[in-house]
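Asks: Using the numbering used here, the letters of the sequence shown correspond one by one to residues 18 to 325.
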Amino acid sequence: MSESNQVARPTQSFVGTMTWVRKHPKLVLLEVLWRWIVGIPALVYSWHLVTHVMATTPWRETGIAELSINKLLTDPMAGSNVIASALLVAWPALKPELMVAVPIFVVAWVIVASMGRTLVLRAMDRAAMHARPLTLIVLNLLRAIAIVATVWVWWSVLSYVAKRTILEPSMAGGEPQVMVYVGAAIVLTIGLFMVWAIFGWVFGIAPLLAMLRNLGAWQSLRAALRLGKLRDRLIEINLVMGIVKIALLVLLMVFSATPLPFQSVATEDFLVKWTLGVSVLYFIASDYFHVTRLAAYLYLWKDEQIAK
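#1: Tell me whether the beta-carbon of ARG139 lies closer than 8 Å to the beta-carbon of MET146.
#2: By a C-beta neighbour count over all protein chains shown, 10 Å radius and 16 as the cutoff for buried, is HIS65 buried or exposed?
#3: Confirm, please, whether the CB-CB distance from ILE254 to TYR314 is below 8 Å.
#4: When burial is assigned at 16 or more other CB atoms within 10 Å of the CB, is VAL24 buried or exposed?
#5: Since HIS307 and GLU114 should fall inside the 8 Å C-beta cutoff, what is the C-beta to C-beta distance between them, to a whole number of angstroms?
#6: Would VAL168 and LEU205 qualify as a contact pair, given that the criterion is a beta-carbon distance under 8 Å?
#7: Assign THR384 to buried or exposed, taking buried as 16 or more other Cβ atoms, counted over all protein chains shown, within 10 Å of its Cβ.
#8: Please state the DSSP three-state secondary structure of ARG160.
#9: How many Å lie between ILE222 and VAL170 at the Cα?
#10: With 16 other CB atoms within 10 Å as the buried threshold, where does ASP249 fall?
#11: Taking one C-beta from the segment 112-129 and one from the segment 144-164 each time, how about it: are there three or more such pairs within less than 8 Å?
#12: Check HIS69 in the structure and name its three-state DSSP category.
#13: Return the first residue and the last residue of the alpha helix (DSSP H) that PRO193 is part of.
#14: Assuming contact is defined by CB atoms lying nearer than 8 Å, are LEU269 and TYR299 in contact in what I supplied?
#15: ALA144 to ALA227, Cα distance in whole Å?
#16: Quick one: residues in its chain with C-beta nearer than 8 Å to the C-beta of VAL137, no 5 flanking neighbours on either side, listed in chain order?
#17: Quick one: is ALA148 near chain C, going by C-beta distance under 8 Å?
#18: Specify the secondary structure class of ASP320 as computed by DSSP and reduced to three states.
#19: Which of the three DSSP states, helix, strand or coil, is assigned to THR292?
#20: Should ALA166 go down as buried or exposed, given a rule of 16 or more other Cβ atoms within 10 Å for buried?
#21: Skipping 5 residues on each side, what residues in its chain have a beta carbon closer than 6 Å to that of LEU225?
#22: Would the beta-carbon of THR73 fall within 8 Å of that of ALA130?
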């Protein structure tokens, strides 16, 4: 039996795809490896950057030093206000560093993601996949630009809302409208998340088409937009994955709050380690579903070819 048949046969449904991926842990391990190759240096740099900012800004005046995980979980509104104040103090020192670091990490992510995606897809179906690393670099660069633009919209809108609901009332001696700000942040975040879930499938299927059909970047994008009836099925999968990601975030928050009943005896060190452990599990689960989405795309495409 060919390797491509092994890919297509078990994925008769999305649950079947999940089961198939679970039986092929090598794919998830490759996904975790290439993502953490960039992720770990980014975390190390972030730690050094935070240390530098703490040494050069009057951040203690914001009260964030007294903000423990216990307090953040029991009074998230007050905690959000303290964090917002600390960010306003730290931003002048953060901005010049981020203006240099973010482009570097984006480029590193694009290159590593292209190599990593090539390895994962070829491991998924080596017989059908052509290695197109340069094509994937272009596609991932376009995807990164789209993500950066989305983040810029998110940040710009939230900054405007923060100015109108927190900064201006505080400067006028009034009460900050923290609930309005938090509500707007939640609605905006989920809204942009769902928009990306609806339209982001193009950047997900294009690398797959590039390797399946041995296409260039622009050819694979055109092919992704001309998939006919398959497009609706891809959008459906992407929406399902969007819901799954939201569910994972909810589970992350729920499990992070699990020690709350024991806050009288739990130490701060334990809470930090617990939160870090839950976060690592979240990222591994997220990587697993990234691979599941790729496998689902591959199955749908092959199913469409068989139907023709």
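From the three backbone atoms N, C-alpha and C, an ideal C-beta is built for every residue, glycine too.
Replies: According to the structure data:
#1: In the sequence shown, counting from the first residue as 1, residue 139 sits at position 122. In the sequence shown, counting from the first residue as 1, residue 146 sits at position 129. Cβ distance < 8 Å, so ARG139 and MET146 count as in contact.
#2: On the sequence shown, residue 65 is found 48 positions in, with the first residue counted as 1. When all chains shown are included, HIS65 counts as exposed.
#3: In the sequence shown, residue 314 corresponds to position 297, counting from 1. In the sequence shown, residue 254 corresponds to position 237, counting from 1. Result yes, Cβ atoms of TYR314 and ILE254 sit closer than 8 Å.
#4: In the sequence shown, residue 24 corresponds to position 7, counting from 1. Since pLDDT at VAL24 reaches only 41, below the 50 mark, its modelled position is unreliable, and the value read off the structure follows with that caveat. VAL24 is buried by the Cβ-count criterion.
#5: As a working note, residue 307 is residue 290 in the sequence shown. As a working note, residue 114 is residue 97 in the sequence shown. So it is not a contact: roughly 29 Å between Cβ atoms.
#6: Here the question's residue 168 lines up with position 151 in the sequence shown. Here the question's residue 205 lines up with position 188 in the sequence shown. For VAL168 and LEU205, no; Cβs fall outside 8 Å.
#7: Nothing about residue 384 can be read from this structure; the chain reaches only from 18 to 325.
#8: Translated into positions along the sequence shown, residue 160 becomes position 143. Reduced to three states, the DSSP call for ARG160 is helix.
#9: Translated into positions along the sequence shown, residue 222 becomes position 205. Translated into positions along the sequence shown, residue 170 becomes position 153. So the alpha carbons of these two residues sit roughly 25 Å apart.
#10: Translated into the one-based positions of the sequence shown, residue 249 becomes position 232. Exposed is the call here.
#11: yes
#12: Here residue 69 corresponds to residue number 52 of the sequence shown, with the count starting at 1. Helix.
#13: If you number the sequence shown from 1, residue 193 lands on position 176. Run containing PRO193: none; DSSP gives neither H nor E here.
#14: Taking the sequence shown and counting its residues from 1, the one referred to as residue 269 is at position 252. Taking the sequence shown and counting its residues from 1, the one referred to as residue 299 is at position 282. Cβ atoms of LEU269 and TYR299: closer than 8 Å.
#15: Taking the sequence shown and counting its residues from 1, one reaches residue 144 at position 127. Taking the sequence shown and counting its residues from 1, one reaches residue 227 at position 210. Their Cα atoms are separated by approximately 14 Å.
#16: Position 120 of the sequence shown, counted from the first residue, corresponds to residue 137. Closer than 8 Å at Cβ, skipping near neighbours: LEU44, LEU47, GLU48, TRP51, VAL308, LEU311.
#17: Any reference to chain C falls outside this structure, which holds one protein chain only.
#18: Locating residue 320 in the sequence shown gives position 303, counting from the first residue. The answer is helix: DSSP assigns ASP320 an H, G or I state.
#19: Reading the sequence shown from its first residue, position 275 is the one you call residue 292. Helix, per DSSP.
#20: If you number the sequence shown from 1, residue 166 lands on position 149. It is exposed - the Cβ of ALA166 has fewer than 16 other Cβ atoms within 10 Å.
#21: Stepping through the sequence shown from its first residue, residue 225 is reached at position 208. Excluding residues within five positions, the ones whose Cβ falls inside 6 Å are TYR314.
#22: Translated into the one-based positions of the sequence shown, residue 73 becomes position 56. Translated into the one-based positions of the sequence shown, residue 130 becomes position 113. Not closer than 8 Å, so no.
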